[in-house]
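Heads up: the structure comes next, in structure tokens.
Residue numbers (UniProt numbering), protein chains in the order written: chain Y, 1 to 446; chain R, 1 to 446.
Structure follows, in structure tokens:
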């Protein structure tokens, strides 16, 4: 199930082309197909002395029917290496990371997974422990850059009391659904999370709304949430009505034509959902526009248009959805789409980068308020994703952009969609206030 | 006062070479020389409605005898553009950034300064205001990437109650001392800061200790703190004794030969300072080593050596320095040296990156405890700095490394030293728990 770009670069012509450009041939990434096992080979687990997540990790792996090993075998190649580092309480103890990973890190299958679990440093009062836990990040980010063959590396910060909430995160990271997510730090808070009743369709019986759903990443998000069992209300501006109807029909969802920047848009959206559906469970703010100009050449109109669609509309809708009268049910999920531009800044995108940094701010600002209502709010920050928009970028720049990450390739819209589906999962109650980059561990950052 | 590299690339030969490599010719950066004015041309200031830092900014600029403008003149070119954005309380109000900067951002002198001031988002309870304040970061990081001619862009987060503490930060950022600092977010806490009595020698009468002081960045730190009036105790391992003595003699300081990883090192260090000096005011943990290998090929010895020197020794010394009996005086300053590798990870540097991520963790873990004693703790994270170590890197990789930032050049050891001197300044009481990258806004990050 290779995408067109993977097909090209792994073809004989593509290999010759990329070799002449001095670029490595990227490994075709394994992506999720219904019915395939989540983990396809042996999983080696280990733990620092005194760690507290052993039972949780074992339970998840049992649930996945994974072949678990506790000591490295001579000739084994692993699909995943999972190390519980929560027991590390001082910097000398960090050597346990080395001892676990050094002998086995090269003995991994294609698209393997390296996962380190720790405690959120900001929740730790002992300075030595806090320091050591923060240090894990340097290890995982380096591991992500050293791994080859489509493998990824992640750090999961599990709050004390969040031991029962880590299942959905581990499943996502172990699975092919996180194909283009690497070098990330994901935080799981102190809560008990429910397990979905139907694992193949965790969103069965739920209603989701996706803005900007008529094409590209938005259409992929709508499809993925529908695959997971949700009824999806596909929203876009009236001008996109025809494409929108196609997407909605294809996935058995419904269409809502609405300009989200309109004064009454939050009200209209809520009225629509209340009239047609029992309530709302997942809202994905994917609609976004670019109006690129350098700051010196940018008109105020271009500034306002981007801020209004990408940030202000989302804020107003979420505010309305968190009011008492809202159709958003307990267990609800709000998801924003940020961007690496909002993290690192980008030439010609002052308006866009400001709006996307604002999306990150909005998620952080609303997480507590959302949690009080039993709702989570998170964002994804896509890096280079292969879309019609990026296809219009000149070849050399496009090739540089898509290769400047640890996986040496661009991501697909479905990679963004899968990360959003992970947030939407009923088991992700503990995942709140996160911003996960879907960027293959892009070199770019801040 | 061009460094050798600037001399090369701005020479006719160098220009031809870099043009053939397709690289832009970097602007020689203005660097601090005693006696020169901090700001060399007109400063345009502006503020969002309802901002609270106008008086503080005006006072700093008055103190610098700067030529201040409040409205753009027809033909004026500015040395600095300073915008107080603390009044921005919602995303639509962000348009004021556009209105201030768009007409003037191209009308700047060489090595100009763009500074935006805001409120730390995490201290704001109103979600709309918090979101908008967080959005400023996307603007400033983009501005840093669009600016040309050696100009820099920064965001200063000033806590409510920190209005009287922002002077040292503004001076540093406006001055040539921050030549290689760009795209940074600096936080100034709620405190009143003292002004140094002797502005040319803010550290007069104070004692500083610098580890790894025998060469490179460490020697530059020692020189810079001595220039600012401090007596500097230069520390290094006995094997570096000869070079160490030269540095100490050159700057009128003293030398201390000590292996900081020794069991009794903290005690020996404190005893030395107590016997020879009244007390200690500034401690800079610059000593660091690399032992590069990929995780798979790394021995436990190499891991332990790096962690021990770069992180554990520093933790042990700081713990001892924060005990009641410590010679560290109120107003004391602890400074760590992290690295971009500790932020982004780096192939072959799992031990180094882990140790440097730990330095960041240590600063964050100790900031509150330090503040209780009237001490601050901060770190710098250097990017590509021209040293004997980087000179040993092969040309092509070195050239890529030094150019991958907004200033298209490597920094100098003095750039790291000046940032540390800013932390050390008696006026920097409000600057605590910061990690400032000295990287010319490197593309690399997380």
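Here a beta-carbon is modelled for each residue, glycine too, at the ideal position from N, C-alpha and C.
Original post:
Any residues in the segment 87-101 of chain R with a beta carbon nearer than 9 Å to a beta carbon of chain Y? Which ones, in chain order?
Top reply: 90, 91, 92, 94, 95, 97, 98, 99 and 101
**OP:** May I ask which residues mark the beginning and end of the beta strand (DSSP E) holding residue 113(Y)?
**Re:** 108-118
Subject >> Nearest neighbour of residue 381(R), chosen from 374(R), 131(R), 368(R) and 352(R) [CA to CA] >> reply: 352(R)
Subject >> Cβ pair residue 448(R), residue 64(R) closer than 8 Å >> reply: Residue 448(R) is absent from the structure shown; chain R starts at 1 and stops at 446.
**OP:** Say whether chain Y places a C-beta atom closer than 8 Å to the C-beta of residue 360(R).
**Re:** yes
**OP:** Return no unless some Cβ of chain R is closer than 8 Å to the Cβ of residue 304(Y).
**Re:** yes
**OP:** Give the residues from the segment 270-296 of chain R that approach chain Y closer than 7 Å (Cβ to any Cβ), ordered along the chain.
**Re:** 294, 295 and 296
Original post:
Just how far apart, CA to CA, sit residue 413(R) and residue 246(R)?
Top reply: Rounded to the nearest angstrom, the two C-alpha atoms are 18 Å apart.
Subject >> Beta carbon proximity, residue 307(Y) to chain R, threshold 8 Å >> reply: yes
Original post:
Between the beta-carbon of residue 342(R) and the beta-carbon of residue 384(R), is there less than 8 Å?
Top reply: no
**OP:** Enumerate, from N- to C-terminal direction, the unbroken alpha helix (DSSP H) stretches of 4 or more residues contained entirely within the segment 165-196 of chain R.
**Re:** 167-174
Original post:
In whole angstroms, what separates the C-alpha of residue 84(Y) from that of residue 115(Y)?
Top reply: 8 Å
Original post:
Apart from the five residues just before and just after residue 302(Y), which ones in its own chain have a Cβ nearer than 7 Å to its Cβ?
Top reply: 291, 293 and 351
**OP:** Check whether the segment 28-44 of chain R touches the segment 185-194 of chain R, taking contact to mean three or more Cβ pairs, one atom from each stretch, closer than 8 Å.
**Re:** no
Original post:
In angstroms, rounded to a whole number, what distance separates the CA positions of residue 230(R) and residue 420(R)?
Top reply: 13 Å
Original post:
Less than 8 Å separating the beta-carbons of residue 415(R) and residue 180(R)?
Top reply: yes
Subject >> residue 389(Y) classed as buried or exposed, judged by whether at least 16 other C-beta atoms fall within 10 angstroms >> reply: Exposed, by the Cβ-count rule.
Original post:
Roughly how far, in whole angstroms, is the beta-carbon of residue 426(Y) from the beta-carbon of residue 331(Y), given that I think they are within contact range, below 8 Å?
Top reply: 6 Å
Original post:
Ordered along the chain, which non-local residues of its own chain (more than five positions away) have a Cβ less than 8 Å from that of residue 445(Y)?
Top reply: So the qualifying residues of the chain are 340, 343 and 344.
**OP:** Determine the direct distance from the alpha carbon of residue 239(R) to that of residue 2(Y), and round the result to whole angstroms.
**Re:** Because the pLDDT at residue 2(Y) is just 48, under 50, the model does not fix this residue reliably, and the value given afterwards should be weighed accordingly. Their Cα atoms are separated by approximately 57 Å.
Original post:
If you check the beta carbons only, do residue 106(R) and residue 296(Y) fall under 8 Å apart?
Top reply: yes
Original post:
Mind checking residue 285(Y): buried by the 16 CB within 10 Å criterion, or exposed?
Top reply: Flag for residue 285(Y) reads buried.
Subject >> Those residues which DSSP pairs with residue 293(R) across a bridge >> reply: 349(R)
Original post:
Does DSSP put residue 52(R) in a helix, a strand or coil?
Top reply: coil
Subject >> Residue range of the unbroken alpha helix (DSSP H) whose run includes residue 225(R) >> reply: 216-227
Subject >> Within-8 Å CB hit, residue 138(R) to chain Y >> reply: Using a CB distance cut-off of 8 Å, residue 138(R) counts as an interface residue toward chain Y.
Subject >> residue 434(Y) (DSSP reduced to helix, strand or coil) >> reply: coil
Original post:
Given 8 Å as the limit, is there contact between the segment 145-156 of chain Y and the segment 198-215 of chain Y, that is, 3 or more CB pairs closer than that?
Top reply: no
Original post:
Per DSSP, residue 45(R) is paired with what?
Top reply: 82(R)
**OP:** Go to residue 304(Y), then tell me how far its alpha helix (DSSP H) extends in each direction, as first and last residue.
**Re:** Where residue 304(Y) is concerned, the enclosing alpha helix (DSSP H) stretches over 300-307.
Original post:
Using a Cβ-Cβ distance under 8 Å, would residue 350(R) count as near chain Y?
Top reply: yes
**OP:** Run down chain Y in chain order and give the residues with a C-beta less than 8 Å from the C-beta of residue 133(R).
**Re:** 361
Subject >> Residue-level contact to chain R via CB, residue 35(Y), 8 Å cutoff >> reply: no
Subject >> Where residue 316(Y) falls: helix, strand or coil (DSSP) >> reply: helix
Subject >> Neighbourhood of residue 375(R) by C-beta, 6 Å cutoff - its chain only, sequence neighbours within 5 removed >> reply: 332
Original post:
Cβ of residue 445(Y) less than 8 Å from any chain R Cβ?
Top reply: yes
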